[in-house]
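Protein sequence lines, in the order shown, are assigned to chains G and V. If you're matching positions, the first sequence starts at 108 in my numbering and goes up one per residue. If you're matching positions, the second sequence starts at 286 in my numbering and goes up one per residue. The next block holds one structure in the form of structure tokens; read it before the comments.
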Amino acid sequence: MNRLLNLVALIGAVALGTVEFIGELSLFALAGLSHIFRPPYYPRLVGKAFLEIGYFSLPVVALTAVFTGMVLALQSYTGFSRFGAESAIASVVVLSVTRELGPVLAGLMVSGRAGAAMAAELGTMRVTDQIDALTTLSTDPMKYLVAPRLLAATIALPLLVVLADILGVLGGYLVATQKLGFSSGTYLISTFTNLKTMDVASGLIKAAVFGFIIALMGCFNGYRSKGGAQGVGTATTAAVVSASILILALDYILTQVLFVK
Amino acid sequence: MSQPKIRIRGLKKAFGPKVVLDGVDLDVAQGTAMVVIGGSGTGKSVLIKSILGLVTPDSGVIEIDGEDVLKAPPQRARQLRAQIGMLFQNGALFDSLPVWENVCFGLLAQRRLNRRAARDKAVQVLAQVGLGADVAGLSPSELSGGMQKRVGLARAIASEPAIMFFDEPTTGLDPIMGAVIDELIVDCVKRLGSTSIAITHDMASAQRIGDNAAMLYQGRVSWTGPAAELMTCADPVVDQFTHGRAQGPIQMALRK
């Protein structure tokens, strides 16, 4: 009987903890969002965060996109050649990259780089009293630390995805024309014939949502970290893991909303 | 007696089952320096964080100039708390900003100065704590512990606050640098005519910077009196704490 009660208590505690976490996260997100639109504004901080998230993530996103496009072309060829459907490779590459792989892979890469950095920076500020110091200096930490990062990441990720789309398609093009023997003109015509505005737009919408999620999880976990160096490490790991899972889950939901009629 | 600058009544705060503050009463008169002493974990930091609004007390009254900050509308509470300058235990300087921007952060945040004027002001304030203009452009990580404390003090006094809090200002410093920081604190507080509260475990420091002292014990203020009498006080709790004796009522309490 005691074991059963303990089990029920454990399930209850987990359920309450989950509800509390979701509530805290929702309130944090709403507060961060509202501070984006309310003065005072910190354009210098938005610019700095934009450089950190966008500019300094360019190499890793570019490399990921190029190699993904190349691998996609190779693998598609392997599969499609069995059915004589090689002509579909260009369409598969461009649609996969613009709709899914561009935003998801860029999101995961930026989460690992910039999301972790945000959590570590805010976590260190929390455990060294710097966030408390901000409050005593008449500055709202949500407005000063969180809102600029949310805004910068929401803008930066779609721009990174534009680059990832171009480089991903370029990677596929290079493999198709240089290794698989496709004609350059035919491949490009096939690529652009099958590409619709909505394919690119949906990827950019996803990217904006993923950017917001990366910054939100980075800031949220860093902001409430405690317990010194170990706490900061835990917050950093939690930021990357939670953002990555949310990106994958939201990718499915957004695909359902944007494409399934 | 005239109205105290800071008046605290029945302040209570618990973290889960752990009661940290259990009805703190404290008055700090205008223009005086109060030193709060007490063992680790007795709620000294929670007390000043409650006044600063960094911790929300469970109940009680915190008045600044006769106005209860806990009942005041948020905007008014922020105005009341804006007159408080704070020196954190570890300095809490912003790593990402140079020293001058740390010093004038509050003035820049309140749009009271532009960046050029803020830099000039920072150099002036740094001079008041014995630091040269060459320090202004450095990063906090390039400074020694003593210099970081001075920059933290410069940041606390830059807006010429009416109230100043010092959280263990000499912790981690050698005795000479501790005395230097104490002298700077006394000098700054007197020059600005501020009311101050300092938390310290350092009895020499407590007597240098405090006019009055309060002993925090078991969540309450168990004794108040002149800081100069700390070492000769007959109260058994204060006597044991100030002389660092292993035997006494504090030890007994810990054994329970």
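Cβ coordinates follow ideal geometry from the N, Cα and C atoms, glycine included.
Check: Sorted by chain position, which residues of the same chain lie with C-beta nearer than 8 Å to K541(V)'s C-beta, five sequence neighbours on each side aside?
Finding: Looking up residue 541(V) in the second sequence gives position 256. Bear in mind that the predicted position of K541(V) carries a pLDDT of just 45, short of 50, making it unreliable; the figure below should be weighed with that in mind. Excluding residues within five positions, none has a Cβ falling inside 8 Å.
Check: Using Cβ-Cβ distances below 7 Å, what residues of the stretch 225-245 of chain G are close to chain V?
Finding: T235, D236, Q237, D239, A240, T242, T243, L244 and S245
Margin query: Would G391(V) pass as an interface residue toward chain G - the criterion being a Cβ-Cβ separation below 8 Å?
Written below: Looking up residue 391(V) in the second sequence gives position 106. For G391(V), the answer is yes, since a Cβ of chain G falls inside 8 Å of its Cβ.
Check: CB-CB under 7 Å to Q433(V), same chain, minus the five flanking residues each way: which ones, in chain order?
Finding: Position 148 of the second sequence, counting from 1, holds the residue named residue 433(V). Excluding positions up to five away in sequence, the list reads G376, L378 and P425.
Item checked: Terminal residues of the alpha helix (DSSP H) in which K298(V) lies -> As a first step, residue 298(V) is located in the second sequence; it is residue number 13 there, counting from the start. Taken as a continuous stretch (DSSP letters only), K298(V) belongs to no alpha helix (DSSP H), being part of the beta strand (DSSP E) at I291 to F300.
Notebook entry, point to check: Given a limit of 9 Å on CB to CB distance, which residues of the stretch 363-378 of chain V reach chain G?
Noted result: R363, R366, A367, I369, G370, M371, F373, Q374, N375, G376, A377 and L378
Notebook entry, point to check: From G529(V), D380(V) and P534(V), pick the residue whose C-alpha is nearest to that of L423(V); which is it?
Noted result: Against the second sequence, residue 423(V) aligns to sequence position 138. Minimum Cα distance to L423(V) is reached at D380(V).
Item checked: Rounded distance between the beta-carbons of V347(G) and G230(G), thought under 8 Å -> Residue 230(G) sits at position 123 when you count from the first residue of the first sequence. Residue 347(G) sits at position 240 when you count from the first residue of the first sequence. G230(G) to V347(G), Cβ: 13 Å. No contact.
Next item on the list: Kindly indicate which three-state DSSP category T527(V) falls into: helix, strand or coil?
Entry: For this step, residue 527(V) is matched to residue 242 along the second sequence. Reduced to three states, the DSSP call for T527(V) is helix.
Next item on the list: Determine the direct distance from the alpha carbon of A260(G) to that of C326(G), and round the result to whole angstroms.
Entry: The count along the first sequence starts at 1 and reaches residue 326(G) at position 219. The count along the first sequence starts at 1 and reaches residue 260(G) at position 153. Answer to the nearest angstrom: the Cα atoms are 11 Å apart.
Check: Between F451(V) and I484(V), is the Cβ-Cβ spacing less than 8 Å?
Finding: As a working note, residue 451(V) is residue 166 in the second sequence. As a working note, residue 484(V) is residue 199 in the second sequence. Contact flag set, yes.
Notebook entry, point to check: Can you tell which of Q395(V), S335(V), R292(V) and R361(V) has the C-alpha that lies nearest to the C-alpha of P146(G)?
Noted result: The residue labelled residue 146(G) in the question sits at position 39 within the first sequence. For P146(G), the nearest C-alpha among the options comes from Q395(V).
Checklist line | Contact set for L296(V): own chain, Cβ-Cβ below 6 Å, skip 5 residues either direction | finding: In the second sequence, residue 296(V) corresponds to position 11, counting from 1. For L296(V), where only same-chain residues beyond five positions count, the Cβ hits under 6 Å are L306, V309, P342 and G345.
Notebook entry, point to check: When the Cα atoms are used, what is the spatial distance from Y330(G) to Y184(G)?
Noted result: Taking the first sequence and counting its residues from 1, the one referred to as residue 330(G) is at position 223. Taking the first sequence and counting its residues from 1, the one referred to as residue 184(G) is at position 77. Spanning the two alpha carbons is a distance of roughly 47 Å.
Notebook entry, point to check: Could you give the C-beta distance for A421(V) and P383(V), rounded to a whole number, given that I count them as a contact under 8 Å?
Noted result: For the purposes of this step, residue 421(V) is taken as the residue at position 136 of the second sequence. For the purposes of this step, residue 383(V) is taken as the residue at position 98 of the second sequence. So it is a contact: roughly 7 Å between Cβ atoms.
Check: Using a beta-carbon distance below 8 Å, is Q395(V) in contact with chain G?
Finding: For the purposes of this step, residue 395(V) is identified with residue 110 of the second sequence, where counting begins at 1. Judged by the 8 Å Cβ criterion, Q395(V) is in contact with chain G.
Check: Between the C-alpha atoms of K333(G) and Q364(V), what's the straight-line distance to the nearest angstrom?
Finding: Here residue 333(G) is taken as the residue at index 226 of the first sequence, counted from 1. Here residue 364(V) is taken as the residue at index 79 of the second sequence, counted from 1. Rounded to the nearest angstrom, the two C-alpha atoms are 29 Å apart.
Check: Given a threshold of 16 other Cβ atoms within 10 Å of its Cβ, counted over all protein chains shown, does P454(V) qualify as buried or as exposed?
Finding: On the second sequence, residue 454(V) is found 169 positions in, with the first residue counted as 1. The residue in question, P454(V), is buried, as its Cβ has 16 or more Cβ neighbours within 10 Å.
Margin query: Could you check whether T343(G) and A223(G) sit closer than 8 Å to each other, using their CB atoms as the reference points?
Written below: Start at 1 with the first residue of the first sequence, and residue 223(G) comes out as number 116. Start at 1 with the first residue of the first sequence, and residue 343(G) comes out as number 236. For A223(G) and T343(G), yes; Cβs fall inside 8 Å.
Notebook entry, point to check: What is the DSSP secondary structure of R505(V), reduced to helix, strand or coil?
Noted result: Against the second sequence, residue 505(V) aligns to sequence position 220. In this structure, R505(V) counts as strand in the three-state DSSP scheme.
Item checked: Where the beta strand (DSSP E) through E348(V) begins and ends -> Translated into positions along the second sequence, residue 348(V) becomes position 63. Residues S344 to I349.
Next item on the list: With S481(V) as the anchor, note down where its beta strand (DSSP E) starts and where it stops.
Entry: The sequence position of residue 481(V) within the second sequence is 196, counting from 1. First-last of the beta strand (DSSP E) with S481(V): T480 to I484.
Item checked: Proximal residues, the stretch 331-347 of chain V versus chain G, C-beta separation under 8 Å -> K334, L337, G338 and L339
Check: DSSP state of Q288(V), grouped into three classes?
Finding: By 1-based counting over the second sequence, the position of residue 288(V) is 3. Q288(V): coil per DSSP, three-state reduction.
Next item on the list: Measure the CB-CB distance between V276(G) and V204(G) and report whether it falls below 8 Å.
Entry: Along the first sequence, one-based indexing puts residue 276(G) at 169. Along the first sequence, one-based indexing puts residue 204(G) at 97. Taking 8 Å as the Cβ cut-off, V276(G) and V204(G) qualify as a contacting pair.
Check: Given P534(V), which residues of its chain have a CB within under 8 Å of its CB, disregarding the five upstream and five downstream residues?
Finding: Within the second sequence, numbered from 1, the residue matching residue 534(V) stands at position 249. Cβ neighbours of P534(V) beyond the five flanking positions: P521, V522 and Q525.
Check: Can you tell me whether A192(G) is buried or exposed, with buried defined as 16 or more other CB within 10 angstroms of its CB?
Finding: Counted from its first residue, the first sequence places residue 192(G) at position 85. Exposed, by the Cβ-count rule.
Check: Do the stretch 358-368 of chain G and the stretch 292-299 of chain G meet, that is, are 3 or more Cβ pairs less than 8 Å apart?
Finding: no
Note to self: Using the Cβ count rule (16 or more neighbours within 10 Å means buried), how would you classify M319(V)?
What the structure shows: Counted from its first residue, the second sequence places residue 319(V) at position 34. Buried, by the Cβ-count rule.
Item checked: Cβ pair A350(G), I321(G) closer than 8 Å -> As a position in the first sequence, residue 350(G) is number 243, starting the count at 1. As a position in the first sequence, residue 321(G) is number 214, starting the count at 1. A contact, by the Cβ cut-off of 8 Å.
Notebook entry, point to check: Rounded C-beta distance between S479(V) and A447(V)? I'm assuming under 8 Å.
Noted result: Taking the second sequence and counting its residues from 1, one reaches residue 479(V) at position 194. Taking the second sequence and counting its residues from 1, one reaches residue 447(V) at position 162. The Cβ separation is near 6 Å, so the contact holds.
Check: Between the C-alpha atoms of G431(V) and P289(V), what's the straight-line distance to the nearest angstrom?
Finding: Here residue 431(V) refers to the residue found at position 146 when the second sequence is read from its first residue. Here residue 289(V) refers to the residue found at position 4 when the second sequence is read from its first residue. The straight-line gap from Cα to Cα measures roughly 33 Å.
Item checked: Own chain, CB closer than 8 Å to V408(V), minus 5 neighbours either side, in chain order -> Taking the second sequence and counting its residues from 1, one reaches residue 408(V) at position 123. The residues are W385, A418 and A421.
Note to self: Between the alpha carbons of D459(V) and A402(V), how many angstroms are there, rounded?
What the structure shows: Start at 1 with the first residue of the second sequence, and residue 459(V) comes out as number 174. Start at 1 with the first residue of the second sequence, and residue 402(V) comes out as number 117. Cα-Cα distance, rounded: 35 Å.
Check: What did DSSP end up calling N497(V) once you bin it into helix, strand or coil?
Finding: As a working mapping, residue 497(V) is identified with position 212 in the second sequence. Three-state DSSP puts N497(V) in a strand.
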